[in-house]
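Peer 1: Numbers in our numbering are just positions in the sequence shown, counted from 1, shifted up by 144. Just so it is clear, CB atoms sit at the ideal spot from N, CA and C, and this is done for glycine as well.
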Amino acid sequence: MMKKKSISASKASLVLFLCQMISALDVPLDSKLLEELLQPPTITQQSPKDYIVDPRENIVIQCEAKGKPPPSFSWTRNGTHFDIDKDAQVTMKPNSGTLVINIMNGGKAEAYEGVYQCTARNERGAAISNNIVIRPSRSPLWTKEKLEPNQVREGDSLVLHCRPPVGLPPPIIFWMDNAFQRLPQSERVSQGLNGDLYFSNVQPEDTREDYICYARFNHTQTIQQKQPISVKVFSTKPVTERQPILLTPTGSSSTKVELRGNVLLLECIAAGLPTPVIRWIKEGGELPANRTFFENFKKTLKIIDVSEADSGNYKCIARNILGSAHHVISVTVKAAPYWITAPRNLVLSPGEDGTLICRANGNPKPNISWLANGVPIAIAPEDPSRKVDGDTIIFSHVQERSSAVYQCNASNEYGYLLANAFVNVLAEPPRILTPANKLYQVIADSPALLDCAYFGSPKPEIEWFKGVKGSILRGSEYVFHDNGTLEIPVAQKDSTGTYTCVARNELGKIQNEVQLEVKDPTMIIKQPEYKVIQRYGQVSFECIIKHDSTLLPTVIWLKDNDELPDDERFLVGKDNLTIMNVTDKDDGTYTCIVNTTLDSVSASAVLTVVAAPPTPAIIYARPNPPFDLELTGQLERSVELSWIPGDENNSPITNFVIEYEDGLHESGVWHYQTEVPGTQTTVQLKLSPYVNYSFRVIAVNEIGRSQPSEPSEQYLTKSANPDENPSNVQGIGSEPDNLVITWESLKGFQSNGPGLQYKVSWRQKDVDDEWTSVIVANVSKYIVSGTPTFVPYEIKVQALNDLGYAPEPSEVIGHSGEDLPMVAPGNVQVHVINSTLAKVHWDPVPLKTVRGHLQGYKVYYWKVQSLSRRSRRHVEKKILTFRGNKTFGMLPGLEPYSSYKLNVRVVNGKGEGPASPDKVFKTPEGVPSSPSFLKITNPTLDSLTLEWGSPTHPNGVLTSYILKFQPINNTHELGPLVEIRIPANESSLILKNLNYSTRYKFYFNAQTSVGSGSQITEEAVTIMDEVQPLYPRIRNVTTAAAETYANISWEYEGPDHANFYVEYGVAGSKEDWKKEIVNGSRSFFVLKGLTPGTAYKVRVGAEGLSGFRSSEDVFETGPAMASRQVDIATQGWFIGLMCAVALLILILLIVCFIRRNKGGKYPVKEKEDAHADPEIQPMKEDDGTFGEYSDAEDHKPLKKGSRTPSDRTVKKEDSDDSLVDYGEGVNGQFNEDGSFIGQYSGKKEKEPAEGNESSEAPSPVNAMNSFV
């Protein structure tokens, strides 16, 4: 054994660690040894650090430890000693440190919140548990809040907030409806990590009133429900598409900190129409493979088991056809402490050296601190053999008093690790743990390993001897292992014998003997050989073995390294394998494996199957039919059939099928009898009495079935009594006074003889009557008349023929016919549970009066009248059926505040009995439905008029209406809420003292004595100026007509988002107006498909404003042209001409500007000079033009398409060059400085129209005419 060298205290700790590895003892896991050795305490089981308990159950704080002697236990709570003897609710389990706090018998879990730590102590040291934080789970109720309905425009985004109560641990969130069905989620609608429900865009199908958020608290097995949230989607046409914006997270960037080893969850949910698609990337790197998952329709990025390498910037990109949005999440991965090297228990002998090493990592790097027996090592009792060097404790020349338990604590801001490791200094004489005289058996020329498991302190030296008085074993032919094992690398026959192991240290010596036997190896002396065989031939493989006489071999054959096919063609003998009738599928490798308890050998050979010689060609076909059938050994119940097989046609016959014909009962019908293998040509057949048999045989091979053989001679078996009785015997009455007995008749060959009949017997059950019997012909039914109503009968049916009866049949129970029940249920009582549910009770009827099988009870109930309206209506009876002998039932779906009647009837198989007397009951009041409508009219500066209709379902006596309203500013923020109670008999209200030009939101609902019903909402605006006419109104309808179409424009004053329509027809005609819907809320429209040269009338209206239309306007289309003119606006020459005209105009403007600056005169300047008096030419306030240009002589209207008042028509002149033909009905003017003023229709510029309705820019020709 290597001698230990002295090491000075200044040596590096690594050298000490190597010394420890050489000298420290390993304690074998031998149960007997472990029971005898002294050992410091070791914590074996403890509760988790963060221990959340169910406040309804007893708290069990686990602390289990082992040691020798067994340790005692103590606890601290919040850093101070916890005296469990002073608390009657706290007990400690026997022989354990586990605490049981009795909550179920009066204790309160909240009183025991705190930080607990267990100490296990014996004479060798003290081990401590983690700090166990005890917190009772909490599942608080949702705070009550008033949820207003969400009214959302189609295509907008929406977030429904869950905001669950703060529980411990946090609850699991899910959304369901009133029917407890999970709300479907998709790329468009999904739940966020915070539990909120996000809509990227809302659709009409999202309208519902039962969006309910549920919070499930798993610890207490409770579910809390938020109040239902109502969503109403209103449609606007067209729906505006939107590019993506992120609903969560907000902004362009955010940060996220996650701990090493945890699951990283990043979320991006976007709004947009069409629904955006989410994509994730990691900037400057790739997403980790095999650890990255996408959830919630790729809105959530999930990376499991994160490490510091996963830190970085993660970008989510939301994209649709209109654009994209992105968000960057900067992820930092921190780490709670984790072990690099945890301290391990150290067992030393007195005087030895050793080290305890505690190395941990984390982010930030953890702080390492040591404790001894649960006390900080700085204040622990001194030990001269111990020296602390950071994360290492160095032990030198330890003594038995150095035994202790050391705790290493590695902690940072994210957590801590606590590990116990003991130093156990033992002085123990040697022990050998290997059983005495253990027998080892090996094969010659293989290694032999002889065990000598030992323990001692100091570590014993091991020596081996052969024989009782042999010399010590040395030399290269032996290997001595550190664990005491002796290895003989190549054992020979002469290695057999007794070996002695000796273990000694300074405290003693012990020895043990083991036996070694060396066996001869197993060999295959005749191996299988390669074979080539023709198809359908026979082949054999040999496998002859030689083995040690004391070993029992087993031989296994494999085909292609798998078991042999389950086929009788494969015959395994003692020394060979034979394959009969070889086929192509037998081709392969065959292996012989020989196993003993000590060794195994194998050998293989290949079999190749070849086809037979090619000539003559082999024809495979169905076999020819068997022939020469012969019956021998005829007995009453059996006969032997033999035959000669036909030609198998090169495909072996696999089996024969035997069929029979009963010439007596079913002549010409052949039945399956049996089948036998293809190698068999005789069969013993079982027969039935009174059957005229003939047989035939069919041969079968892989190709198919042969034709049937010629029938054998006939054989008529003798008659006999029937062997069996009819089956499926039943007794069911069809009338109240009969019993119908039915059965399944025997088949012909089952009769066993002529004259088949049936003896039908019956008697009333539980009555001392004799059997009544009747013999009937070969039928399957008999009717017994004159029976009492619905009484049980014992029934049996026995077969008989001319030779006698079948065996005694078994009895069955039947019943005579049912009749309608005689009496009605009594004592019917109704208990009204709430306004929509009642419970009805009744006494069961006596079973004797049911007169049949009781199937249940039916409850008929119907509404007589509503107590709030006192008006009768058509009575609609409802029926509920309650199966079995129930005596109560629930009546759901009742209408509140109504009068009902009901009765109950018993039901049997025949029908319903009489009804009980009608029972009248009334349902109490409920909350009303919402008012049927709410209209807001007559807006003034400071008042609005409200009109409403009473609820469709008042569900009681209305006590009042509740009106709440509040102002809404331009940013849609709500002002203070005002509430008014209105008497129930009112149907209108004038609200006064309101702010002018202010939008208000109104909430309106009705009340009964039970409470408030659902509300409806409306919005309205007070007007800005009373002198203005009350809007909405449409005025200044203007037309510009061409040959087959006309531009219609108008001015509108009224609520936003009005949807307009244009109605038109032939002037003076009595035909119905034609209606065209305007796309969007534009104030112009193009009427197409008009008849040239025709006068039309036109008017404009707004959808949803009943009876609201403009005054009529009349216009006339231009005359039809001989041929369709080419659109010159797209011709090259026209474009060039317009460019030249535009250039000329620009030059003229420049010249005018120069002349004006020089004082020169031009036409406008001359007019100014001619009318120098400024009072004659004031500027008009309403259109911003100078008065002089309104003069009829100086400013003529355009000849074609000029602006026409709504009460005049457009007259087309004779010029064919009119721009009206091109749709240019506009007024074009230039200001004094030459800038163009005015748009077509003389109004502000309209929004660009879509499709063929789009407006065009003013024609340059018109502009030039205006200037000239």
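1. Report the residue from E1163, K1079, D449 whose alpha carbon sits nearest the alpha carbon of L1427.
2. Please report the Cβ distance between V383 and L327, rounded to the nearest whole angstrom; I am assuming they are in contact, meaning their Cβ atoms lie under 8 Å.
3. Have a look at I521 and V549 and give me their C-alpha separation to the nearest angstrom.
4. Buried or exposed, going by whether 16 or more other CB atoms sit within 10 Å of the CB of D1216?
5. The beta strand (DSSP E) that contains K675, what's its start and end?
6. Who are the near neighbours of G611 in its chain, counting only those whose CB is closer than 7 Å to its CB and skipping five residues on each side?
7. For the beta strand (DSSP E) that contains K531, what are its first and last residues?
8. Where do the ends of the beta strand (DSSP E) carrying V407 lie?
9. Under the three-state reduction of DSSP, which class applies to E180: helix, strand or coil?
10. Could you tell me if D1338 is buried or exposed, where buried requires 16 or more neighbouring beta carbons within 10 angstroms of its beta carbon?
11. When the Cα atoms are used, what is the spatial distance from Q874 to G1028?
12. Residue range of the beta strand (DSSP E) that V1051 falls in?
13. Closest to A359 by C-alpha separation, out of A950, N322, R307, would be which residue?
14. Helix, strand or coil for P238? Go by DSSP, reduced to three states.
15. Restricting to Cα atoms, I'd like to know which of I501, V699, C502, E439 is closest to Y734.
16. Is it the case that the stretch 928-937 contacts the stretch 958-968, given that we only count it when at least three CB pairs across the two stretches are under 8 Å?
17. Which of the three DSSP states, helix, strand or coil, is assigned to R849?
18. Mapping DSSP to helix, strand and coil, what is T993?
19. Once you ignore the five residues that flank S493 on each side, which residues in its own chain have a CB closer than 6 Å to its CB?
20. Could you pull out every residue in the same chain whose Cβ sits closer than 7 Å to the Cβ of I1279, ignoring the five residues on either side in sequence?
21. Among I1178, V401, T666, which residue has its Cα nearest to the Cα of E452?
22. Using a 10 Å radius around the Cβ and a threshold of 16 neighbouring Cβ atoms, would you call K370 buried or exposed?
23. I'd like the ranges of any beta strand (DSSP E) spanning at least 3 consecutive residues and lying wholly in the stretch 536-582.
24. Per DSSP, which residues does K1022 bridge with? Please list them.
25. Compare the C-alpha of P388 against each of P309, K1214, C460, R530 and name the closest.
26. Going by beta-carbon coordinates alone, are K963 and P880 separated by less than 9 Å?
27. In the structure shown, what three-state DSSP assignment does K940 receive?
28. If you follow the beta strand (DSSP E) that Y458 is part of, which residue opens it and which one closes it?
29. Which partner residues of G958 appear in the DSSP bridge assignment?
30. Taking 8 Å as the limit between beta carbons, can you name the residues of its chain near N1137, skipping five residues before and five after?
31. State the DSSP-derived secondary structure class of R1177, mapped to helix, strand or coil.
32. Among residues of its own chain, excluding the 5 on either side of E1207, which ones have a beta-carbon nearer than 6 Å to its beta-carbon?
33. Measure from the alpha carbon of E631 to the alpha carbon of each residue in K925, L593, L177, then state which is nearest.
34. What residue range is occupied by the uninterrupted beta strand (DSSP E) comprising D354?
35. Three-state secondary structure (DSSP) at K1145?
36. For the 8 Å Cβ check, are there 3 or more pairs between the stretch 1002-1009 and the stretch 1042-1053?
Peer 2: Result, derived from the coordinates:
1. Since the first residue of the chain shown is 145 and the last is 1412, residue 1427 is not available in this structure.
2. Wrong, their Cβ atoms sit about 23 Å apart, outside the cutoff.
3. 11 Å
4. exposed
5. 675-678
6. G641, T642
7. Boundaries of the beta strand (DSSP E) harbouring K531: 530-533, taken from the DSSP string.
8. Looking at the DSSP string, V407 is not in any beta strand (DSSP E), and its letter there is neither H nor E.
9. helix
10. No answer about D1338 holds up, because its pLDDT of 38 lies below 50 and its placement is not dependable.
11. 23 Å
12. 1042-1052
13. R307
14. coil
15. V699
16. yes
17. strand
18. helix
19. S601, P602
20. none
21. V401
22. The residue in question, K370, is buried, as its Cβ has 16 or more Cβ neighbours within 10 Å.
23. 536-539, 548-556, 559-569, 572-576
24. Y1005
25. Nearest option by C-alpha distance: C460.
26. The sequence as given places Asp at residue 963; Lys does not occur at that position. Closer than 9 Å, so yes.
27. strand
28. 456-464
29. Y937
30. D1086, S1087
31. Residue state, collapsed to three classes: strand.
32. W1217, K1219, R1243
33. L593
34. 352-361
35. strand
36. yes
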